[in-house]
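Numbering (my numbering), first residue to last: 545 to 960.
Encoded structure:
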């Protein structure tokens, strides 16, 4: 039985996601589709526009059968660790056979060739990478330069492939599959429409363009052609209920207050803080008045804005180097079910037989696992996910909706 796996954020679910879903299904005789989806905080270090259950509902309405949450400790990491956590989660479900993903390239064999270099790191490639890093380049730029040097005469083609946001994730998915010899069969679908950074609205707008339009007075007329009708309905409901919109600046006060309270010794222990970055962060916190000023102050040739966004999020959540080492050592420890269709419920029963991971389809199960496994990677991962939901809830526009403990009281979203 072939089951299709997808890794996504769905922030929000749009026509491009629907295109990937439909085209991927045409590549084989799949009995169901399982998606691993980021929770309330995302890979670029930002909060989602609306919460994970609303976004799971959008995907269910589009035909995804089972939605599983990617834990915070992987969902908010660099592309490699994001991919590693998500691919491991699909593998550990015990039922997913294929992984489909979009790419600007659309050339699976080419992407696999590059991913193989990343996975095995030939000596000359490693030397070129170290050289770039020693020159103060950010890791992505140093890696791109090293690949171009290693692969010689293919510089122009690499320059077209490597910067694409979808290609970057595609390479990391393939790299993890290669490194860990994971028996997932990859499928790639050429990305349609606007690039991630584009603010243009079209039938295949980027999620970023859609969010920008929504932040600007919820301009439904402009975005209607970019999203499925169910997505529009769910977004309108969440806004009406005071649970959206949420954007990066909603975290401004929390991050700024926290950074002014903590010491450089505290910051030094935070994941991704190294090479004296704690002093630069502290100086920025004491001299800047907005989150954007803070980011620009810290930004350098070595530290991109996206990396800074993630690091600032880690400071808020007190995510230490030791914690991350524990999470990476053990990988995903459970399957937190966000929603399922009737077919998804059947797949869930198969997962319960084949997977060695704990499965949480009720909040009480998650709470019990946390309480009975104190001090383990499992319990710490649960605590971090629940903390993320509790902090995210404080960002809701309507104060009446900001209660804590939603992971323990919210049931999976039902699909058709």
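Cβ atoms here follow ideal geometry from the backbone N, Cα and C, with glycine treated the same way. Being a predicted model, the structure only gives us computed values, none of them experimental.
- Setting aside the 5 residues that flank it on each side, residue 857 is surrounded in the same chain by 585, 589, 620, each with a C-beta closer than 7 angstroms to its C-beta; the list follows chain order.
- Put simply, of 768, 547, 667 the residue whose alpha carbon is nearest the alpha carbon of residue 569 is 547.
- Apart from sequence neighbours up to five positions away, the residues of its chain that approach residue 577 with a beta-carbon distance below 6 angstroms are 548, 608, 609, ordered along the chain.
- Residue 904 is bridged by DSSP to 880.
- Looking at 650, 683, 692, the one whose alpha-carbon comes closest to that of residue 669 is 692.
- The three-state reading of DSSP puts residue 637 in helix, counting H, G and I together.
- The beta carbon of residue 736 sits closer than 7 angstroms to the beta carbons of 560, 563, 748 from its chain, once the five residues preceding and following it are set aside; these are given in chain order.
- By the Cβ test, the stretch 824-840 is not in contact with the stretch 781-788, since fewer than three Cβ pairs between them sit closer than 8 angstroms.
- Secondary structure note for residue 547: its beta strand (DSSP E) is the uninterrupted segment 546-552.
- Residue 582 is bridged by DSSP to 614.
- Contact between the stretch 634-643 and the stretch 895-905 is present, with at least three C-beta pairs closer than 8 angstroms.
- Contact between residue 887 and residue 813 does not hold, since their C-beta atoms are separated by about 45 angstroms, which reaches or exceeds 8 angstroms.
- Per the C-alpha coordinates, the member of 958, 950, 959 positioned closest to residue 583 is 950.
- In this structure, residue 601 and residue 957 form a Cβ contact; the two beta carbons are roughly 5 angstroms apart against a cut-off of 8 angstroms.
- Residue 556 is a Cβ neighbour of residue 754, given a cutoff of 8 angstroms.
- In this structure, DSSP gives residue 709 a helical state, which the three-state scheme calls helix.
- Per DSSP, the unbroken alpha helix (DSSP H) holding residue 568 starts and ends at 559-569.
- Remark: C-beta atoms of residue 903 and residue 926 do not approach each other more closely than 8 angstroms.
- In terms of Cβ geometry, residue 907 and residue 954 form a close pair [threshold 8 angstroms].
- Judged by beta-carbon spacing, residue 618 lies within the 8 angstroms limit of residue 630, meaning their Cβ atoms are closer than that value.
- For residue 773, the uninterrupted alpha helix (DSSP H) run begins and ends at 773-784, by DSSP.
- In the DSSP assignment, residue 864 forms a beta bridge with 814.
- Judged by beta-carbon spacing, residue 550 lies within the 8 angstroms limit of residue 644, meaning their Cβ atoms are closer than that value.
- Linking residue 687 to residue 860 through their CA atoms gives a straight-line distance of about 29 angstroms.
- Boundaries of the beta strand (DSSP E) harbouring residue 644: 642-647, taken from the DSSP string.
- Measuring C-alpha to C-alpha distances from residue 832 to each of 846, 818, 797 identifies 797 as the nearest.
- In the displayed model, residue 576 falls within a strand according to three-state DSSP.
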